[in-house]
Amino acid sequence: MRMRHRARLVDVLNRAETGPIIEESDFERRLVTPTINRLIKQYDIKFDHKTIVPSDDDLADRLFQAGLDFASEVGLFCQSTSRRIVWSRQELVDGLRYCPSEAILGIGNDSVTVHARRPEDTIRVTVVGGAYGVPVPEHLFVPVMYSYAREPVVDVLENATLETVYGHPIKADSPWEVLGGWREAELSFQVLNRANRLGMCIGCVETSPTALGEISASSWGGFRPSDWHHVATISEFKTNYDLLEKVVHTARIGGAMETYYNPIFGGYVGGAEGVALALTAAPILLNQVNMAHTFGTRPDHPFLNCDTTPEILWALSLAFQALSRNTNILISSLAGPAGGPGTKTMLYELAAYTIATTVSGQSMIEASMSAGGRIPRHISRLDARLCGEIAHSVSGMKREQANELVQHLLNIYQPDLKTNPIGRPFEEVYDVDNVEPTSEWQGIYDDVCSELVHMGVPLGCNIR
Amino acid sequence: MSNTVDQTLDELKQALTDGDSNKTATLTRKSLDLGVEPLALIQNVIVPTLTQVGQDFQDFVIFLPELMASGDAAEKATAILEEALASSGQQMTSLGTVVIGTVENDVHDIGKNIVSTLVRAHGFKVVDLGRDVAPSVFLEAAQKEKADIVAMSSLMTTTRPSILSTINLFKEVELRNDYKFIIGGGSVTQVYADEVGADGFAPDAAAAVEVCKAILKK
Numbered sequence: 188m189r190m191r192h193r194a195r196l197v198d199v200l201n202r203a204e205t206g207p208i209i210e211e212s213d214f215e216r217r218l219v220t221p222t223i224n225r226l227i228k229q230y231d232i233k234f235d236h237k238t239i240v241p242s243d244d245d246l247a248d249r250l251f252q253a254g255l256d257f258a259s260e261v262g263l264f265c266q267s268t269s270r271r272i273v274w275s276r277q278e279l280v281d282g283l284r285y286c287p288s289e290a291i292l293g294i295g296n297d298s299v300t301v302h303a304r305r306p307e308d309t310i311r312v313t314v315v316g317g318a319y320g321v322p323v324p325e326h327l328f329v330p331v332m333y334s335y336a337r338e339p340v341v342d343v344l345e346n347a348t349l350e351t352v353y354g355h356p357i358k359a360d361s362p363w364e365v366l367g368g369w370r371e372a373e374l375s376f377q378v379l380n381r382a383n384r385l386g387m388c389i390g391c392v393e394t395s396p397t398a399l400g401e402i403s404a405s406s407w408g409g410f411r412p413s414d415w416h417h418v419a420t421i422s423e424f425k426t427n428y429d430l431l432e433k434v435v436h437t438a439r440i441g442g443a444m445e446t447y448y449n450p451i452f453g454g455y456v457g458g459a460e461g462v463a464l465a466l467t468a469a470p471i472l473l474n475q476v477n478m479a480h481t482f483g484t485r486p487d488h489p490f491l492n493c494d495t496t497p498e499i500l501w502a503l504s505l506a507f508q509a510l511s512r513n514t515n516i517l518i519s520s521l522a523g524p525a526g527g528p529g530t531k532t533m534l535y536e537l538a539a540y541t542i543a544t545t546v547s548g549q550s551m552i553e554a555s556m557s558a559g560g561r562i563p564r565h566i567s568r569l570d571a572r573l574c575g576e577i578a579h580s581v582s583g584m585k586r587e588q589a590n591e592l593v594q595h596l597l598n599i600y601q602p603d604l605k606t607n608p609i610g611r612p613f614e615e616v617y618d619v620d621n622v623e624p625t626s627e628w629q630g631i632y633d634d635v636c637s638e639l640v641h642m643g644v645p646l647g648c649n650i651r
Numbered sequence: 022m023s024n025t026v027d028q029t030l031d032e033l034k035q036a037l038t039d040g041d042s043n044k045t046a047t048l049t050r051k052s053l054d055l056g057v058e059p060l061a062l063i064q065n066v067i068v069p070t071l072t073q074v075g076q077d078f079q080d081f082v083i084f085l086p087e088l089m090a091s092g093d094a095a096e097k098a099t100a101i102l103e104e105a106l107a108s109s110g111q112q113m114t115s116l117g118t119v120v121i122g123t124v125e126n127d128v129h130d131i132g133k134n135i136v137s138t139l140v141r142a143h144g145f146k147v148v149d150l151g152r153d154v155a156p157s158v159f160l161e162a163a164q165k166e167k168a169d170i171v172a173m174s175s176l177m178t179t180t181r182p183s184i185l186s187t188i189n190l191f192k193e194v195e196l197r198n199d200y201k202f203i204i205g206g207g208s209v210t211q212v213y214a215d216e217v218g219a220d221g222f223a224p225d226a227a228a229a230v231e232v233c234k235a236i237l238k239k
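From first to last, the protein sequence lines stand for chains L and P. Everything in the first sequence is counted per our numbering, starting at 188 for the first residue and increasing by one. Everything in the second sequence is counted per our numbering, starting at 22 for the first residue and increasing by one.
Right, dumping it as structure tokens:
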């Protein structure tokens with residue numbers, strides 16, 4: 188895991204202060220939107236609702252070239268300086284040549300190596316289990332996260348969001364944020380101890396809307412450099428000094444970094460084609476600016492709060508193929524079903540999502556932001572088990588076969604998406620003391636697994 | 022004459038739908054010159070056209086940039102009509118005034134922009150304060166604009182406490198009951214809205230329009 192590309196850190200900061208000045212609204216409406224629209228036409232990128240998992244390599248390669256064009260023409264907007272951080276096409280291409288093609292997350296026997304993959308690759312996908320962004324009360328944090336840490340198919344733990352610290356709201360950019368970050372670290376290590384996986388990598392610091400939480404809680408005694416330090420992007424294509432401060436800190440502690448970008452379907456980037464282009468361009472830019480190890484995404488549907496609609500699945504699949512065919516970028520994706528714990532809808536959505544993204548070349552699958560990620564306590568580690576098992580079982584599967592499976596699953600769950608199928612909270616689908624799913628929830632899970640096997644998903648094969 | 026008026030109004034509808042601000046302004050003035058009453062223009066052309074544009078966005082026939090362009094065009098037309106009404110001693114009517122913003126320390130604003138534009142498209146006057154809005158700025162704007170509704174958005178659990186700080190500030194200055202508060206965003210639920218004493222909660226942008234309408238009917 189050589190991070191040769193972090194040598195440009197000072198250059199990044201300098202460009203954030205010297206790049207072209209632009210109003211934020213002009214950046215979004217006069218630069219991002221028209222450039223996306225033009226490049227979609229120029230490169231003939233078209234959504235086909237019959238082919239949610241495309242197998243057209245030429246289309247994927249055209250999308251990659253469009254992504255490179257967008258990245259070099261638009262750049263990333265820095266809110267703190269009202270400037271664009273811009274790079275030439277050649278600089279971006281050179282940056283991609285030196286991005287890490289593998290990353291080690293965690294320590295010793297509990298570590299995992301993430302590998303670059305290609306479409307239809309048989310290389311193992313890394314499985315992240317947790318509840319990113321889902322609010323949980325302090326008293327449930329350890330049982331919830333322990334449920335994921337004890338799951339053998341889970342390689343990396345992703346923390347849920349603490350609702351309070353010692354009973355008080357965690358307020359951004361305040362001492363409460365610092366305290367919240369430290370409390371998250373303390374409870375996370377309790378989880379690893381209980382699971383006897385002390386070196387396991389943890390996604391962190393979730394309670395860090397500004398740089399305060401990250402910088403404090405990943406210093407001595409807190410989260411470790413071997414953990415998975417998160418740096419967000421603001422939609423669309425924006426960063427700020429808080430986020431760049433996280434970049435500097437993580438680079439200087441030699442930390443493993445996940446950076447992510449979550450486009451809004453129907454927003455400034457438009458529909459399926461625009462989301463696909465944005466998903467391709469963002470990692471190219473973020474590789475240059477944030478210099479991360481892994482590049483994640485969780486696109487969002489503004490009315491359904493999920494990333495499992497046909498348009499978004501198509502965009503994810505095509506963008507991942509574009510990136511994985513043309514770069515060594517380590518792509519990670521966060522499943523965000525509309526369905527929640529206790530529902531078959533959630534399991535069908537997760538199955539379709541995992542199949543579409545895995546055969547398209549992602550390196551990591553993360554599960555999940557169930558019930559759209561916004562409903563407190565609507566979490567269940569069976570989501571991670573399902574995604575992990577499916578990711579391993581479909582590695583090497585042809586995209587055409589994956590497309591048939593995804594279409595079949597979409598036919599089952601798509602009508603449910605508008606019914607707000609949030610399911611039930613953790614304590615109603617789990618025995619909290621034993622941290623085991625209730626027999627009812629386990630039964631539903633087993634039924635869906637049987638259905639998936641019947642459909643042709645080779646679950647249980649390729650145990651890795 | 023009637024044909025000319027009808028044609029002009031049709032062209033105005035199209036200009037609004039296309040988000041063509043300059044053409045909208047020209048056609049609005051032309052409509053007034055042809056004798057169309059400002060209030061009739063608002064009620065029969067602008068509001069229904071924008072409502073349709075809003076619905077097209079909800080159906081993803083169009084996307085946010087087109088929605089916002091139509092909103093901008095409508096704002097141009099509205100400014101011209103306000104002037105015309107004022108000169109004849111009349112007043113602009115709207116469904117109500119909404120002061121909206123993303124709460125302090127929250128820099129995410131796409132969701133709020135969608136709500137802002139949809140609510141405006143459905144006939145409300147909207148004062149958009151942007152992102153990272155301090156409680157005192159909400160208070161000042163609500164007073165200045167004589168708002169009916171204060172709408173707050175928070176994406177993150179860690180910025181959510183600013184919703185309560187804002188409502189508490191209105192309470193401290195004894196103005197809480199002068200306004201209706203609606204909240205939404207990724208970190209907000211109905212349970213939380215009840216906890217902080219908000220008057221309404223919208224799970225998404227489309228629902229926000231209905232909440233605004235319902236809350237002012239009470």
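Glycine is no exception: its CB is placed at the ideal position from the N, C-alpha and C atoms. Bear in mind that the values here come from a model prediction, so they are computed numbers and not experimental data.
Burial state of residue i, where buried means 16 or more other Cβ atoms lie within 10 Å
i, result
"residue 517/L", "buried"
"residue 353/L", "exposed"
"residue 439/L", "exposed"
"residue 425/L", "buried"
"residue 237/L", "exposed"
"residue 326/L", "exposed"
Straight-line Cα distance separating residue j from residue i
i, j, result
"residue 84/P", "residue 618/L", "44 Å"
"residue 203/L", "residue 476/L", "10 Å"
"residue 613/L", "residue 528/L", "7 Å"
"residue 505/L", "residue 337/L", "33 Å"
"residue 629/L", "residue 570/L", "11 Å"
"residue 515/L", "residue 568/L", "30 Å"
"residue 103/P", "residue 224/P", "33 Å"
"residue 521/L", "residue 555/L", "6 Å"
"residue 510/L", "residue 483/L", "12 Å"
"residue 643/L", "residue 621/L", "34 Å"
"residue 200/L", "residue 481/L", "21 Å"
"residue 537/L", "residue 304/L", "20 Å"
"residue 162/P", "residue 168/P", "8 Å"
"residue 125/P", "residue 579/L", "43 Å"
"residue 23/P", "residue 590/L", "57 Å"
Whether residue i touches residue j by CB criterion (8 Å)
i, j, result
"residue 392/L", "residue 376/L", "no"
"residue 219/P", "residue 135/P", "no"
"residue 160/P", "residue 127/P", "no"
"residue 602/L", "residue 239/L", "no"
"residue 666/L", "residue 372/L", "Nothing about residue 666/L can be reported from this structure: the residues present for chain L run from 188 to 651 only."
"residue 120/P", "residue 166/P", "yes"
"residue 219/L", "residue 293/L", "no"
"residue 419/L", "residue 258/L", "no"
"residue 253/L", "residue 230/L", "yes"
"residue 289/L", "residue 301/L", "yes"
"residue 71/P", "residue 36/P", "no"
"residue 333/L", "residue 341/L", "no"
"residue 616/L", "residue 531/L", "no"
"residue 364/L", "residue 399/L", "yes"
Per DSSP, cross-strand counterpart(s) of residue i
i, result
"residue 391/L", "416/L"
"residue 201/P", "170/P"
"residue 208/L", "270/L"
"residue 519/L", "483/L and 551/L"
"residue 222/P", "204/P"
"residue 355/L", "352/L"
"residue 213/L", "Answer is none; residue 213/L lacks a bridge partner."
"residue 604/L", "Answer is none; residue 604/L lacks a bridge partner."
"residue 149/P", "121/P"
"residue 447/L", "483/L"
Subject >> Members of the region 72-86 of chain P that neighbour chain L once the beta carbon cut-off is set at 8 Å >> reply: 78, 79, 81, 84, 85 and 86
**OP:** Please name the residues in the region 481-502 of chain L whose beta-carbon is closer than 9 Å to at least one beta-carbon of chain P, in chain order.
**Re:** 487, 489, 490, 491, 492 and 498
**OP:** Quick one: which residues of the region 157-179 of chain P get their C-beta closer than 7 Å to a C-beta of chain L? List them in chain order.
**Re:** Near chain L, meaning a CB-to-CB distance below 7 Å, the residues of the region 157-179 of chain P are 177, 178 and 179.
**OP:** Give the residues from the region 326-353 of chain L that approach chain P closer than 9 Å (Cβ to any Cβ), ordered along the chain.
**Re:** 348, 349 and 350
**OP:** Give, in chain order, every residue of the region 96-122 of chain P whose Cβ lies closer than 8 Å to some Cβ of chain L.
**Re:** none
Subject >> Contact set between the region 126-158 of chain P and chain L, restricted to residues whose Cβ is under 8 Å from the partner >> reply: 126, 127, 128, 129, 131, 132 and 135
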